[in-house]
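Colleague: Residue 29 is where the sequence shown starts when you use our numbering, and the numbers rise one by one after that. Even for Gly, the Cβ is constructed at its ideal location relative to N, Cα and C.
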Amino acid sequence: MRGICKKLACVLLVSLAPGLVLAGPVNINTANAETLAMELTGVGPALAAAIVADREANGEFSSPEALARVRGIGNHVLEANAGNILVSTPEEEESG
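1. Our contact map puts residue 98 next to residue 113 with C-beta atoms below 8 Å; I'd like the distance itself, whole angstroms only.
2. Can you tell me whether residue 83 is buried or exposed? The criterion is at least 16 other CB atoms within 10 Å of its CB, across all chains shown.
3. Indicate whether residue 58 and residue 109 have their beta-carbon atoms separated by less than 7 Å.
4. If we require 4 or more residues per run, which alpha helix (DSSP H) segments fall completely within the segment 71-117?
5. Between 85, 90, 95 and 52, which lies nearest to residue 75 when the distance is taken from Cα to Cα?
6. Out of 105, 93 and 115, which one is the CA nearest neighbour of residue 65?
Structure below.
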């Protein structure tokens with residue numbers, strides 16, 4: 029019985045570990061919808077798709093606060109993700 033419990037604990041640890049890894053700040057000017065939904069608190073697939081659509085239609089975000097132009101993004105989302113939103117252009121990333 030003890031061996032089964034150890035094996036089960038190992039399987040659970042291995043399967044849960046990827047979800048525990050923090051990826052760090054998310055660049056809202058380059059991230060795809062899947063990444064935005066996974067990494068930003070309060071942002072699900074539909075809102076993430078709206079962020080990408082807004083970026084494609086209106087251009088890059090100049091600051092994290094500029095996300096507020098997307099319907100559904102309010103202070104609660106910005107506050108929940110303070111420090112987890114990075115804003116840079118693709119050109120800045122290439123030269124950096």
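Modeller: To lay it out plainly:
1. As a first step, residue 98 is located in the sequence shown; it is residue number 70 there, counting from the start. As a first step, residue 113 is located in the sequence shown; it is residue number 85 there, counting from the start. Separation of the CB atoms of residue 98 and residue 113 is rounded to 13 Å, and the pair is thereby denied contact status at 8 Å.
2. Here residue 83 refers to the residue found at position 55 when the sequence shown is read from its first residue. Buried.
3. Within the sequence shown, numbered from 1, the residue matching residue 58 stands at position 30. Within the sequence shown, numbered from 1, the residue matching residue 109 stands at position 81. Cβ atoms of residue 58 and residue 109: not closer than 7 Å.
4. Counting whole runs of 4 or more residues, the segment 71-117 contains the alpha helix (DSSP H) stretches 73-86 and 103-108.
5. Counting from 1 along the sequence shown, the entry for residue 75 is found at position 47. Answer by Cα proximity: 95.
6. In the sequence shown, the residue the question calls residue 65 occupies position 37. When the alpha-carbon of residue 65 is set against those of 105, 93 and 115, the nearest one is in 105.
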